[in-house]
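*Asks:* Under numbering that gives the first Met the number 0, think of the first position of the sequence shown as 0, with each following residue one higher.
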Amino acid sequence: MADDVAKVIIVGSGMAGLTAGIYTGRAKLDPVIVEGIEPGGQLTLTSEVENYPGFPNAINGMDLMQAIHDQAARFGARFESADVVSADLRRRPFTVELDDGRTLAAHALIVASGARARRLGLPAEEAYMGRGVSTCATCDAAFYQDRVTAVVGGGDSAMEEATFLTRYARKVYVIHRRDTLRASPIMQDRARSKPNLEFIWNTVVEDLLVDGKGVKGLKLRNVKTGEQTELAVDGLFLAIGHVPNTEWLKGQLPTDDQGYIKVKPGTTLTDIPGVFVAGDVADRRYQQAVTAAAAGCMAALDAEDYLQEVGVV
Ligand code: NAP
């Protein structure tokens with residue numbers, strides 16, 4: 000059995016997981032990285048990463064993650080292309096069950112399973128995902144050449160999605176539930192400068208108008224006046240924040256009221272010695288590539304300390 004037990008398993012291959020892979024690899028911990036359903040994580044859905052230090056002229060998100068993947072592999076990280084469906088953190092070694100039926104065991108676990116795009120919760124939303132509803136302009140904008148689209152949200156993601164869409168769509172509406180944007184000034188300015196982008200303020204999307212094949216429009220409600228209107232669009236892009244990916248842990252680690260895993264402040268430590276958490280799955284505040292990288296590094300160093308303390312290395 001002991002030979003089958005990894006020193007450390009990293010769940011997730013976004014910025015936090017891969018950075019943990021580089022550091023645990025360099026520490027000769029032979030990390031096993033379970034890549035999950037979105038290898039490379041959310042940054043692979045981003046066109047230009049402009050705020051990651053070292054790239055003054057921006058870098059494509061996919062290229063950045065491929066480079067970090069290769070860097071982790073160079074130091075010995077082993078990749079499992081599978082998703083984790085459950086874990087048992089109550090017994091040692093820890094075990095994770097994969098969606099291909101295998102079970103992996105490890106002395107230490109780094110949870111870096113990230114977050115996914117939040118949904119509005121509209122009745123037809125899931126059924127029309129990929130058929131008029133999207134959470135990724137970088138992936139889907141080209142389908143809307145010369146068409147009309149709407150983005151819902153008022154944060155950086157909404158500005159980024161909407162700005163990207165203006166390259167393709169004839170018209171881009173940004174529908175926001177307030178009259179003030181949450182997005183950073185530079186992202187706001189960029190969006191506001193686009194002649195084919197129009198804001199619809201104080202408004203929520205109440206329903207999708209669909210025809211069996213795709214989206215035809217939106218039912219909107221002005222939250223100030225209560226007025227209901229319909230807006231003809233060919234596509235709706237959701238950019239209303241994220242939900243942490245913790246279902247596979249099934250309540251084994253404490254979370255906050257929004258489901259983000261709680262760690263001891265300023266560390267990656269959890270209540271369970273040997274289990275460390277890094278990146279967006281524990282970060283409701285910063286959610287940046289560079290903070291996820293930093294947390295991945297910290298988790299790796301914490302895991303290395305732990306494995307030394309318990310005599311595994
Ligand atoms: P966010 O900052 O949490 O913004 C979510 C937006 O969606 C808010 O404007 C919110 O409205 C709105 N919203 C939430 N739930 C809603 C609902 N049910 N119905 C309608 N609107 C709803 O999320 P984000 O934009 O994804 O950004 C997350 C983090 O990533 C931030 O730290 C951001 O800076 C970062 N980020 C950075 C970049 C970049 O630097 N290039 C790009 C993308 C994201 P309210 O404002 O009324 O709450």
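Even glycine gets a Cβ: it sits at the ideal position worked out from N, Cα and C.
(1) Considering only C-alpha positions, which residue in the set T165, A114, A76 is nearest to A291?
(2) Should the region 30-40 be regarded as contacting the region 1-14, the criterion being three or more beta carbon pairs within less than 8 angstroms?
(3) Report the rounded CA-to-CA distance for L300 versus H68, giving the unit in angstroms.
(4) Taking only heavy atoms of ligand 1 into account, decide whether any of them is closer than 7 angstroms to the Cβ of R25.
(5) Keeping to the same chain, check which residues put their C-beta closer than 8 angstroms to that of F74; ignore five residues upstream and five downstream.
(6) To the nearest angstrom, report how far apart M0 and T94 are at their CA atoms.
(7) Under 8 angstroms, do L97 and D82 count as touching if we go by C-beta distance?
(8) Rounding to the nearest angstrom, what Cα-Cα distance links M297 and A111 in this structure?
(9) Would you say V262 and A293 are within 8 angstroms of each other, going by their C-beta atoms?
(10) Just how far apart, CA to CA, sit A15 and T224?
(11) Measuring alpha carbon to alpha carbon, tell me which of M158, K170, Q286, L28 ends up nearest Q144.
(12) Would you please state the rounded distance, in angstroms, between the beta carbons of A161 and V150? I believe it to be under 8 angstroms.
(13) Is DSSP giving E334 helix, strand or coil here?
(14) Pick from K212, N59, T202, M158: whose alpha carbon is nearest that of R176?
(15) Any heavy atom of ligand 1 closer than 7 angstroms to the CB of R189?
(16) Output needed for A5: all residues of its chain with C-beta closer than 8 angstroms, excluding positions within five of it in sequence on either side, in chain order.
(17) Are S85 and W200 touching if we call contact CB-CB under 8 angstroms?
(18) State the beta-bridge partners of E96 as determined by DSSP.
(19) Is Y167 helix, strand or coil when you go by DSSP?
(20) Between N201 and ligand 1, is there a pair consisting of the residue's CB and a ligand heavy atom that are separated by less than 7 angstroms?
(21) Give the DSSP-derived three-state secondary structure of L217 in the structure shown.
(22) Drop a sphere of 10 angstroms on the beta-carbon of P128, count the other beta-carbons inside from all chains shown, and report buried for 16 or more, exposed for fewer.
(23) Quick test of the definition: if touching needs 3 or more C-beta pairs under 8 angstroms, does the region 233-244 touch the region 43-61?
(24) Using the Cα positions of A190 and G265, report the straight-line distance between them to the nearest angstrom.
(25) Taking G250 as the reference, give the member of L235, D270, D233, V173 with the closest Cα.
*Replies:* Considering the structure as presented:
(1) It is A114 whose Cα lies nearest to the Cα of A291.
(2) yes
(3) 19 angstroms
(4) Not so, every heavy atom of ligand 1 lies at least 7 angstroms from the Cβ.
(5) G20, I21, G24, R25
(6) Its pLDDT being 42, under 50, M0 is placed unreliably in this model, and the value from its coordinates should be taken loosely. Cα to Cα, the separation comes out at about 12 angstroms.
(7) yes
(8) So the two alpha carbons sit approximately 12 angstroms from each other.
(9) no
(10) Cα to Cα, the separation comes out at about 44 angstroms.
(11) K170
(12) At roughly 4 angstroms, the Cβ-Cβ gap stays under 8 angstroms, so A161 and V150 are in contact.
(13) Outside the shown range of the chain (0 to 312) lies residue 334, about which nothing can therefore be said.
(14) T202
(15) no
(16) D29, P30, V31, L103, A104, A105, H106
(17) no
(18) S85, T102
(19) coil
(20) It does not: the Cβ of N201 is nowhere closer than 7 angstroms to a heavy atom of ligand 1.
(21) strand
(22) The amino acid occupying residue 128 in the given sequence is Met; Pro does not appear at that position. Exposed, by the Cβ-count rule.
(23) No, the region 233-244 does not touch the region 43-61.
(24) Near 35 angstroms, if we compare the C-alpha coordinates of G265 and A190.
(25) G250 has its Cα closest to that of D270, out of L235, D270, D233, V173.
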